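Colleague:
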Amino acid sequence: MPDQPEEFRHVDDLWDDAAAAALDPVERLRYRSNLLGADQRITNTGGGNTSAKLTQTDPLTREPVDVMWVKGSGGDLRTATRANFASFYMDKLLGLETLYDQAEVKGPKTEIEDSMVEMYRHAVFGLNPTTGSIDTPLHSFIHFAHVDHMHPISAIAIAASADQEALTAEVFGGTVGWVPWQRPGFDLGLVMREKLKENPNLVGLVMGQHGLINWAAGDKECYKLTLSLVERAARFIEGFDKGAQTFGGQKYQSPDGPARERLLIHILPRLRGMVSQRQRFIGTVHATDRVLEFANSHDAARLAELGTSCPDHFLRTKIKPLFVDWDPQAETADALLQKLEQGLARYRADYTAYYEACRRPNSPAMRDPNPTVIVIPGLGLIAWGKTKSESRVTAEFYSLAIEVMRASESISRYQGLPRQEAFDIEYWLLEEAKLKRMPAEKDLARNVVVVIGAGSGIGKAVAHRVAREGAHVVCADLSLAAAQETAEELVKLYGLGIGVAGTGISGCGPAIGLAADVTRRESIQALFDQVILAYGGLDNVIVTAGIFAAPGPDGHVSDDRWAQSYAVNVIGSHTVADVARSVWQAQGLTGSLVITTSVNAVVAKPGSLAYDTSKAAANHLVRELAVELAPLVRVNGLAPATVVEGSSMFPRDRVISSLSKYKLSFDESETTDALRNKLAAFYAQRTLTKAPITLADQAEVAYLLSTSKFSKTTGQVITVDGGLPDAFLR
Ligand SMILES: [Zn+2]
Numbered sequence: 011m012p013d014q015p016e017e018f019r020h021v022d023d024l025w026d027d028a029a030a031a032a033l034d035p036v037e038r039l040r041y042r043s044n045l046l047g048a049d050q051r052i053t054n055t056g057g058g059n060t061s062a063k064l065t066q067t068d069p070l071t072r073e074p075v076d077v078m079w080v081k082g083s084g085g086d087l088r089t090a091t092r093a094n095f096a097s098f099y100m101d102k103l104l105g106l107e108t109l110y111d112q113a114e115v116k117g118p119k120t121e122i123e124d125s126m127v128e129m130y131r132h133a134v135f136g137l138n139p140t141t142g143s144i145d146t147p148l149h150s151f152i153h154f155a156h157v158d159h160m161h162p163i164s165a166i167a168i169a170a171s172a173d174q175e176a177l178t179a180e181v182f183g184g185t186v187g188w189v190p191w192q193r194p195g196f197d198l199g200l201v202m203r204e205k206l207k208e209n210p211n212l213v214g215l216v217m218g219q220h221g222l223i224n225w226a227a228g229d230k231e232c233y234k235l236t237l238s239l240v241e242r243a244a245r246f247i248e249g250f251d252k253g254a255q256t257f258g259g260q261k262y263q264s265p266d267g268p269a270r271e272r273l274l275i276h277i278l279p280r281l282r283g284m285v286s287q288r289q290r291f292i293g294t295v296h297a298t299d300r301v302l303e304f305a306n307s308h309d310a311a312r313l314a315e316l317g318t319s320c321p322d323h324f325l326r327t328k329i330k331p332l333f334v335d336w337d338p339q340a341e342t343a344d345a346l347l348q349k350l351e352q353g354l355a356r357y358r359a360d361y362t363a364y365y366e367a368c369r370r371p372n373s374p375a376m377r378d379p380n381p382t383v384i385v386i387p388g389l390g391l392i393a394w395g396k397t398k399s400e401s402r403v404t405a406e407f408y409s410l411a412i413e414v415m416r417a418s419e420s421i422s423r424y425q426g427l428p429r430q431e432a433f434d435i436e437y438w439l440l441e442e443a444k445l446k447r448m449p450a451e452k453d454l455a456r457n458v459v460v461v462i463g464a465g466s467g468i469g470k471a472v473a474h475r476v477a478r479e480g481a482h483v484v485c486a487d488l489s490l491a492a493a494q495e496t497a498e499e500l501v502k503l504y505g506l507g508i509g510v511a512g513t514g515i516s517g518c519g520p521a522i523g524l525a526a527d528v529t530r531r532e533s534i535q536a537l538f539d540q541v542i543l544a545y546g547g548l549d550n551v552i553v554t555a556g557i558f559a560a561p562g563p564d565g566h567v568s569d570d571r572w573a574q575s576y577a578v579n580v581i582g583s584h585t586v587a588d589v590a591r592s593v594w595q596a597q598g599l600t601g602s603l604v605i606t607t608s609v610n611a612v613v614a615k616p617g618s619l620a621y622d623t624s625k626a627a628a629n630h631l632v633r634e635l636a637v638e639l640a641p642l643v644r645v646n647g648l649a650p651a652t653v654v655e656g657s658s659m660f661p662r663d664r665v666i667s668s669l670s671k672y673k674l675s676f677d678e679s680e681t682t683d684a685l686r687n688k689l690a691a692f693y694a695q696r697t698l699t700k701a702p703i704t705l706a707d708q709a710e711v712a713y714l715l716s717t718s719k720f721s722k723t724t725g726q727v728i729t730v731d732g733g734l735p736d737a738f739l740r
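Each step along the sequence shown adds one to the number in my numbering, with nothing skipped, and position 493 is 503.
1. Under a three-way DSSP split, which group does L222 fall into?
2. Round the Cβ separation of S97 and G136 to the nearest angstrom and send it over; I've been treating them as touching at under 8 angstroms.
3. Would you call N372 buried or exposed, if buried means 16 or more other Cβ atoms sit within 10 Å of its Cβ?
4. Beta carbon of P147: closer than 8 angstroms to some heavy atom of ligand 1?
5. So, do the stretch 480 to 489 and the stretch 364 to 380 have three or more beta carbon pairs nearer to each other than 8 angstroms?
6. Let me know the secondary structure DSSP gives C368 once reduced to three states.
7. Relative to the C-alpha of A640, which candidate in L599, V553, I666, E680 has its C-alpha closest?
8. Quick one: residues in its chain with C-beta nearer than 7 angstroms to the C-beta of E271, no 5 flanking neighbours on either side, listed in chain order?
9. Less than 6 angstroms between C-beta atoms, sequence neighbours within five positions excluded: which residues of the same chain meet that for M11?
10. Helix, strand or coil: how does DSSP classify P735 here?
11. Evaluate the contact criterion for the stretch 310 to 325 versus the stretch 207 to 223: three or more CB pairs, one atom per stretch, below 8 angstroms.
12. Would you mind stating whether A560 and S618 have Cβ atoms separated by less than 9 angstroms?
13. Comparing alpha-carbon positions, which option in A343, C232, G249 lies nearest S420?
14. By a C-beta neighbour count over all protein chains shown, 10 Å radius and 16 as the cutoff for buried, is F763 buried or exposed?
15. Using 9 angstroms as the threshold, is the C-beta distance between V645 and G546 below it?
16. So for N380, helix, strand or coil by DSSP?
17. Kindly list the residues whose CB is nearer than 6 angstroms to the CB of V654, restricted to its own chain and excluding five residues on each side of it in sequence; keep chain order.
18. Taking all protein chains shown into account, do 16 or more other C-beta atoms lie within 10 angstroms of the C-beta of K330, making it buried, or fewer, making it exposed?
19. On the criterion of 16 or more Cβ atoms from any shown chain inside 10 Å, does H132 qualify as buried, or is it exposed?
20. In terms of residues, what are the limits of the alpha helix (DSSP H) holding V414?
21. Helix, strand or coil for P35? Go by DSSP, reduced to three states.
22. At a cut-off of 8 angstroms, would you count P321 as near ligand 1, judging by its Cβ distance to the nearest heavy atom?
23. Does the stretch 490 to 509 come close enough to the stretch 517 to 531 that 3 or more CB-CB pairs lie under 8 angstroms?
24. When you compare the stretch 185 to 199 with the stretch 262 to 276, are there three or more beta-carbon pairs, one atom per stretch, that lie closer than 8 angstroms?
25. At 3 residues or longer, what runs of the beta strand (DSSP E) sit wholly inside the stretch 277 to 336?
26. Is the beta carbon of G195 closer than 9 angstroms to that of P279?
27. By a C-beta neighbour count over all protein chains shown, 10 Å radius and 16 as the cutoff for buried, is P74 buried or exposed?
28. For T529 versus A577, is the C-beta spacing smaller than 9 angstroms?
29. Short check: CB of A586 to CB of A649, under 9 angstroms?
30. For D27, name the three-state secondary structure that DSSP assigns.
31. Check for me: the beta strand (DSSP E) holding V609 runs from which residue to which?
32. Quick check on the DSSP output: the alpha helix (DSSP H) that includes A471 runs from which residue to which?
33. Select from A227, V727, D309 the residue whose C-alpha is nearest the C-alpha of V612.
Here's what the structure looks like:
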């Protein structure tokens, strides 16, 4: 296009000729996609798609054939690999139009339009298993070799403005056309083809309420064109920046950082309970200066009510966020809680009314009527999702929607997606089918599990076990480094997820590592405060921290070691329960607590008085806490016996002292592991099941006790000891 901006100030040109030259044509598409997806100003996580029409060899005929590669359903441009792209025979894809034309009723939102999505499978090239997205026709009906469809903030700002068509002409000077909002699908592809036929000089189209699509003959050319169009729109918007009058100016002021954190810690568990009555949610707090500028503004209430525009944003953020008009300077935290309660009741009623007004005869049943985004002056936005990753994406999308509104309100007047159109996206049967295809949620999905003692031994095994069942895991340990190591292992195994949002610890992934000293109440309080800021609340707590005070060479346990045994093994578990109790009560959601005791609690023997009596007390603590915390929280005990494998409770000196006690032969020169195995084999022989007791055996029971499988069990201690008649509970 003429007079393209020479330099980019609003986007980064990341293209590297040498890097691109080393790639095959499909990899070049992947490369271009990754570059575009890396910049949130160009597109959002999971949003937009790219394509390349290539000539490839047909595996059947060995003849050259035209193939279109296009980002498939569910992929994300930033992180896309070759596997995220679908591939189709061009002739078959275009041939679908004949089938489409034969339908009596056709056009946007018709049955034939939706059924075309299934037909793409018949056009697949090279047995590629990646499913094509509903945007596939947007790429196939544009005859240019390379097409980028993006959701840039600056372009959506134009597309979501009251005078979007005129603005498009003004900003792009006729080289970019405009199409009004239309739900993506086969028909929109045909509409775009018509636009290009009418004006062959067009290099792209602004898509009303949605985004931008543009094309070129070469891939680098297409990439640079995308950048220059986004840049051009951003420069235009820049000229209208309202400065201090953005969003009508500031109405409220934010509290300082520490005060903000205290407020969040106070309200988040209550709020999580309020939005989780149907199903549990994980929270993400996002409070950048720009988000706060919106939340604190005069216009926030009006704009929040208009909802988001780009359908991608909208699917996560719902029809609109809940905005709570609360003055951080003049009103109390309790007043905020009251307003949240009232606001949520109103929101659910509004949502139900929206569903009833817009539903169609075959619409799926109404989904959870709670908001996924809550905007509060001074605090920013709080997003809720079924996983940390999803709530981070939702927070990202609303913060992008704020940027769209900022820009649109400076150049024109912002418009949200019309209500019926929003509904037809949210309750689209194709979306419903996608939801139905999702695998069933795991046992501990939507749960936050705090494992205290997760740095080693049983605690580490428990952290891994619950993570496998979909839990978000807080790995806490006296050793911060050990806690973080376990958390890092989990993040590596399960991935950080997607979504670029979350302020401070709230930007975390599915696991975090934190320090915790159970003998210090302030340490436990600080731990749970961080858990709240990270995830919005908690569901299950599993305490595996404990100490074994071995007698000295004279066979005695010193007074301070006695005190320490009780401080950790008994009082520590109580402190954890006591601090967690206030979170559970604030949420009003059921939870569970598992305390690790020991079979030693019921077996009297010489040499371990301090440990055994402290564990006996812990057993009874389980029962007392079960009574205290009912009916909200179940409390159960896990009583392991002598797990020697990887246990920090069995350092070398304890292993040697045990081997000596049982008169087992050993040599001082043997490795600690060898000595441990010797002791484990001896212990196994004493049990009814004759097999060594492993960390995995313990972790399994701690996990099961935390799930609904044991929903009717509380106040019980389960032994995992291989069967020791002496330790049978009575
Ligand atoms: Zn789109």
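All residues carry an ideal CB built from backbone N, CA and C; glycine is no exception. Because the structure is a prediction, the values reported are computed rather than measured.
Modeller: The structure says:
1. The answer is strand: DSSP assigns L222 an E or B state.
2. The Cβ separation is near 6 angstroms, so the contact holds.
3. Per the 10 Å Cβ criterion, exposed.
4. With a threshold of 8 angstroms, the Cβ atom of P147 does not count as near ligand 1, since no heavy atom of the ligand is closer than that.
5. For the pair of segments examined, the stretch 480 to 489 was found not to touch the stretch 364 to 380: the number of CB pairs separated by less than 8 angstroms stays below three.
6. Residue state, collapsed to three classes: helix.
7. Ranking the options by Cα distance to A640, first place goes to L599.
8. Here the set comprises L543.
9. Any reading at M11 must be qualified, since the residue scores a pLDDT of 48, below 50, and its modelled position is unreliable; no value is offered.
10. Three-state DSSP puts P735 in a helix.
11. Note that the stretch 310 to 325 touches the stretch 207 to 223; at least 3 beta-carbon pairs, one per stretch, sit closer than 8 angstroms.
12. The Cβ-Cβ distance between A560 and S618 falls below 9 angstroms.
13. Shortest Cα-Cα distance from S420 to any of A343, C232, G249 involves G249.
14. One cannot answer for residue 763 here, as it falls past the ends of the chain, which runs 11 to 740.
15. At least 9 angstroms separates the beta-carbon of V645 from that of G546.
16. DSSP places N380 in coil when its eight states are reduced to three.
17. Counting only Cβ-Cβ distances below 6 angstroms, and skipping sequence neighbours, we find F660, R686, L689, A690.
18. Burial call: buried.
19. Counting Cβ neighbours within 10 Å, H132 comes out exposed, since fewer than 16 surround it.
20. Segment 398 to 421, the alpha helix (DSSP H) holding V414.
21. P35: helix per DSSP, three-state reduction.
22. Result yes, Cβ under 8 angstroms from ligand 1.
23. Verdict: yes, contact present.
24. No, the stretch 185 to 199 does not touch the stretch 262 to 276.
25. Within the stretch 277 to 336, the complete beta strand (DSSP E) runs of at least 3 residues are 292 to 296.
26. Taking 9 angstroms as the cut-off, the beta carbon of P279 is found no closer than this to the beta carbon of G195.
27. Around the CB of P74, fewer than 16 other CB atoms lie within 10 Å, so the residue is classed as exposed.
28. Contact: yes.
29. Here residue 586 turns out to be Val, not Ala, going by the sequence shown. No.
30. Here D27 sits in helix by DSSP.
31. Following the DSSP letters along the chain, one finds V609 in no beta strand (DSSP E), marked with neither H nor E.
32. Its alpha helix (DSSP H) spans residues 467 to 478.
33. Minimum Cα distance to V612 is reached at V727.
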